[in-house]
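Accompanying notes for the structure given below.
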Amino acid sequence: MSPVRRNNKNKGGGIINTLINKLPFELHLPGYQYCGPGTQLRKRLDRGDKGINPLDLACKEHDIAYEHSKSLTDRQKADYILENRAWNRFKSKDSNLKEKAAAWLVTTGMKAKRKIGVGCGFKAAIKAAKNVLKKNINEKNMMKLTKKCVAAAKKIFRKNGKKTRVPRVIPIPKTGGMLPLIPIFAGLSALGALTGGIANVVKTVSEFNRNEPSHLGRGLYLAPNKGGSYKIEKGKGLYLAPHGGAGGYVVDCKITQMQYHSFLPYSTTALSNNDEIRISIQNMDAYTLPCESYLYIEGKLNIPADITAEKGEFNFTNNGLAFLFSEIRYEINGVEIQKLKSPGISSSLKGFCSHTPSELNNLQNAAWDVDMDASENKHFMLNNKFAGCIPLKHLFGFCEDYKKILLNCNQQIILNRSSTDFDALYVLTTTPNEKLKKVAIELNKIIWKMPIIRVSDKEKIKLLKVLDSRKPVACAFRNWDLCEYLVLPQNTSHSWTVKSSSLLEKPRFALIGLQTDRKNNLFNPSGRFDHCYLKNLKVHLNSEVYPYEDFRADFTNNVTAILYKAYAEFQKSYYEREYSDPLLPKNIFQQFVPIVVVDLSRQNDNVKSSTVDLRIEFETDKAIPAKTAAYCLILHDQIITSNPFNDDVMKL
Numbered sequence: 001m002s003p004v005r006r007n008n009k010n011k012g013g014g015i016i017n018t019l020i021n022k023l024p025f026e027l028h029l030p031g032y033q034y035c036g037p038g039t040q041l042r043k044r045l046d047r048g049d050k051g052i053n054p055l056d057l058a059c060k061e062h063d064i065a066y067e068h069s070k071s072l073t074d075r076q077k078a079d080y081i082l083e084n085r086a087w088n089r090f091k092s093k094d095s096n097l098k099e100k101a102a103a104w105l106v107t108t109g110m111k112a113k114r115k116i117g118v119g120c121g122f123k124a125a126i127k128a129a130k131n132v133l134k135k136n137i138n139e140k141n142m143m144k145l146t147k148k149c150v151a152a153a154k155k156i157f158r159k160n161g162k163k164t165r166v167p168r169v170i171p172i173p174k175t176g177g178m179l180p181l182i183p184i185f186a187g188l189s190a191l192g193a194l195t196g197g198i199a200n201v202v203k204t205v206s207e208f209n210r211n212e213p214s215h216l217g218r219g220l221y222l223a224p225n226k227g228g229s230y231k232i233e234k235g236k237g238l239y240l241a242p243h244g245g246a247g248g249y250v251v252d253c254k255i256t257q258m259q260y261h262s263f264l265p266y267s268t269t270a271l272s273n274n275d276e277i278r279i280s281i282q283n284m285d286a287y288t289l290p291c292e293s294y295l296y297i298e299g300k301l302n303i304p305a306d307i308t309a310e311k312g313e314f315n316f317t318n319n320g321l322a323f324l325f326s327e328i329r330y331e332i333n334g335v336e337i338q339k340l341k342s343p344g345i346s347s348s349l350k351g352f353c354s355h356t357p358s359e360l361n362n363l364q365n366a367a368w369d370v371d372m373d374a375s376e377n378k379h380f381m382l383n384n385k386f387a388g389c390i391p392l393k394h395l396f397g398f399c400e401d402y403k404k405i406l407l408n409c410n411q412q413i414i415l416n417r418s419s420t421d422f423d424a425l426y427v428l429t430t431t432p433n434e435k436l437k438k439v440a441i442e443l444n445k446i447i448w449k450m451p452i453i454r455v456s457d458k459e460k461i462k463l464l465k466v467l468d469s470r471k472p473v474a475c476a477f478r479n480w481d482l483c484e485y486l487v488l489p490q491n492t493s494h495s496w497t498v499k500s501s502s503l504l505e506k507p508r509f510a511l512i513g514l515q516t517d518r519k520n521n522l523f524n525p526s527g528r529f530d531h532c533y534l535k536n537l538k539v540h541l542n543s544e545v546y547p548y549e550d551f552r553a554d555f556t557n558n559v560t561a562i563l564y565k566a567y568a569e570f571q572k573s574y575y576e577r578e579y580s581d582p583l584l585p586k587n588i589f590q591q592f593v594p595i596v597v598v599d600l601s602r603q604n605d606n607v608k609s610s611t612v613d614l615r616i617e618f619e620t621d622k623a624i625p626a627k628t629a630a631y632c633l634i635l636h637d638q639i640i641t642s643n644p645f646n647d648d649v650m651k652l
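In UniProt numbering, the protein residues as written are 1 to 652.
Next comes the structure, spelled out in structure tokens:
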């Protein structure tokens, strides 16, 4: 055979090459001009299409190389060049998430295409296999017949000088997860036609699955053992499991890296009273975990020279860092997800009910101290300087309930500084002096610390599929809505119409607290509440009344058993736990934090109404003191939908 004939035989041979040359319709990735096997190159070149991005431009040059030459050697070189350029686009920092997804598909497609060969002599191999079948028409042993067909195909491959060999065990790619295996399965399926079926493919896949440990969940694996038996392995992280006589690694770690990144406000100097502080996260390609983020706050206490206060006289009140702000908002893609009014009061009501004694040491980092004595938060400041961290899950129901990552979105937190800092501090003195009100808190730093997550290739493919599906992701959480009654009338009974809400925002819990002369009062800590001789309290939700029976409280005679039980049972109902571990013992609760907890979670959801009206009625043994304010923190359902593909966020 002459060299010219050998070159012509190689020219345009192979099933995949033939399909590419004769594809009768246009086939490319949505939104791209040249990224795909069928792009009508000549028509697009005449029209002047240049490509939408660097990846599309690389695909254009690849198609031009295919148009100029039908030689397998030249085309394989073009495939190799496109594979490398697409992989570089995937690793590039200036490519967005959509381009990375397309680059991933192009890279794995070109890799698989080169592995199985664009023209590997399938036609001659099939012809040789058919001749074997004709000669052995009376052979009844299917295994022998299959071996003869495969031997004939191998002989044709060796004769044509091909390096491609029929694979028996599929090698697992080092990168790309399971995605590169899909074209290999397709090639093996075509090779199965040699025996008139897919027996070889089934055998290969079965051998692959038989040697792979099966994940049973919670760190348990069903791994192959000697003698064809299986054994269960238990552990966490990286395992060394028996794998066909040799060691095979099973990776159980979906999150490969979690690092905290710092995000600063637009202005690092505008941190004074009444200032608005905005902190944004614009990195849309990063996977963020808001439920583990926190605010780092650093500052100092400025005491005028004419105040001769003893050392340690000024202390932070309980949860004092939250009292530095009058309002905090959290936004995703410019849509407000949650707004917290009076963060100090709101987070105190919720925190007293949610926290447990085992969290006390961690809570000290956020200026929490429930000793309720003269040494409260005594060690939080040293030389009038302080630093602390407020986890966002202590401020927002979204961060507490939604424990998943956010994909392809911008986030922003807006903090409004309080007009004064008196609610955050209290003074240890027996003779109140108005000069002490000249003290002010100066903030030096406010930093939003956000965890940036990196996941394994397998999980990254799943996330790319979620992005490519263009379906909105539903995020359900419980919103915190604080309602205030700043001055209660001085009588023994009162009815308070709290609010009206929609059907989708049904209240599930109501946390009610009273404070007498604690607003902007340095000498009366704002982190505590007063009982005001409360006797009974009822919450009216449309026509329903909660609780059914009275509390029958009597603070004069220390009769608060039912009131404390409602407080202690909050964690069991709210977090669906089998046990409850309240933060406060009964004596501290009764004297310093008499919060009324009303469980509204069990409702008849079949009864449809346009609005939900919430009204509170309460009675006291004595007339309510002057300057008494009432606070009601409503915990209600909230659902938002986020579409990672088009950045659309909606509140239902």
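Every residue, glycine too, gets a C-beta built ideally from N, C-alpha and C. Remember, it's a predicted structure, so these values are computed and weren't measured experimentally.
| Item | Value |
| --- | --- |
| Does residue 658 come out as helix, strand or coil in the three-state DSSP assignment? | Residue 658 lies beyond the range of the chain shown here (1 to 652); nothing can be said about it. |
| Using CA atoms only, rank isn't needed, just tell me which of PHE477, THR107, ILE137 and LYS254 is closest to THR641. | PHE477 |
| Can you pull the DSSP bridge partners for LEU143? | Position check: residue 143 holds Met in this sequence, whereas Leu was assumed. MET143 pairs with nothing; no bridge assigned. |
| Rounded to a whole number of angstroms, what is the C-alpha to C-alpha distance between GLN490 and ARG329? | 34 Å |
| So what does DSSP say about CYS632, is it helix, strand or coil? | strand |
| Opposite ASP517 in the DSSP bridges: which residues? | Per DSSP, none; premise fails for ASP517. |
| Excluding the five sequence neighbours on either side, which residues of its own chain have a C-beta within less than 6 Å of the C-beta of PHE570, listed in chain order? | CYS353 and VAL597 |
| Would you check if there are 3 or more beta carbon pairs closer than 8 Å linking the stretch 515-523 to the stretch 580-593? | no |
| Thinking just about the alpha-carbon of each residue, which of PRO265, LYS538, PRO547 and THR492 is nearest to the one in ASN444? | PRO265 |
| Helix, strand or coil for LYS163, going by three-state DSSP, please let me know. | Bear in mind that the predicted position of LYS163 carries a pLDDT of just 46, short of 50, making it unreliable; the figure below should be weighed with that in mind. If DSSP states are grouped into helix, strand and coil, LYS163 belongs with coil. |
| Which whole-angstrom value is the C-beta distance of residue 655 and LYS393, which I expect to be below 8 Å? | Coverage of the chain is limited to positions 1 through 652, which leaves residue 655 absent and any answer about it impossible. |
| With distances taken from CA atoms, which of GLY344, GLU327, PHE316 and LYS651 is nearest ALA474? | LYS651 |
| Kindly indicate which three-state DSSP category LYS91 falls into: helix, strand or coil? | helix |
| Tell me, please, whether the stretch 618-629 touches the stretch 502-516 by the rule of three or more beta-carbon pairs shorter than 8 Å. | yes |
| Hey, how far is the Cα of PRO357 from the Cα of LYS378? | 19 Å |
| Terminal residues of the continuous beta strand (DSSP E) containing PRO54? | From DSSP, PRO54 is part of no beta strand (DSSP E) but of the alpha helix (DSSP H) over 54-68. |
| Using the Cα positions of SER375 and PHE314, report the straight-line distance between them to the nearest angstrom. | 11 Å |
| When DSSP labels each residue in this structure, what does THR356 get in the three-state scheme? | coil |
| Can you tell me the Cα-Cα spacing of ASN88 and ASP613, whole angstroms? | 58 Å |
| Please name the residue, chosen from ASN410, ALA86 and PHE592, that lies closest to ASN643 on a Cα-to-Cα basis. | ASN410 |
| Can you have a look at TYR575 and say buried or exposed, based on whether 16 or more other CB atoms are within 10 angstroms of its CB? | exposed |
| Could you give the DSSP three-state label for GLY299: helix, strand or coil? | strand |
| Pick out whichever of ASP63, TYR631, LYS572 and ASN416 has its Cα sitting closest to the Cα of LEU482. | TYR631 |
| To which residues of the same chain is ASP79 closer than 8 Å at the C-beta, ignoring the five residues directly before and after it? | HIS62, MET110, LYS113, ARG114 and VAL118 |
| Got a sec? Which residues, its chain only, sit under 7 Å from ALA286 by beta carbon, not counting five neighbours each side? | ILE452 |
| For GLU331, does the count of other Cβ atoms within 10 angstroms reach 16, so buried, or fall short, so exposed? | buried |
| So for HIS494, helix, strand or coil by DSSP? | strand |
| How far does the alpha helix (DSSP H) with VAL466 in it extend, from its first residue to its last? | 457-469 |
| How many whole angstroms separate the CB atoms of HIS355 and LYS506, which I take to be in contact at a CB cut-off of 8 Å? | Incorrect: roughly 25 Å between the Cβ atoms, too far for contact. |
| Report the option in LYS462, LEU467, TYR548 and GLU400 whose CA atom is closest to the CA atom of TRP480. | GLU400 |
| Could you give the distance in angstroms between the alpha-carbon of LEU324 and the alpha-carbon of CYS253? | 40 Å |
| For ILE337, which of ASN646, LYS586 and ILE639 has the nearest alpha-carbon? | ILE639 |
| DSSP state of TRP480, grouped into three classes? | strand |
| Which value, in whole angstroms, describes the spacing of the CA atoms of GLU67 and PHE645? | 34 Å |
| Rounded to whole angstroms, what is the Cα-Cα separation between LEU360 and TRP368? | 8 Å |
| Could you check how far apart the C-beta atoms of LEU395 and SER342 are, in whole angstroms? I think they sit under 8 Å. | The Cβ separation is near 11 Å, so there is no contact. |
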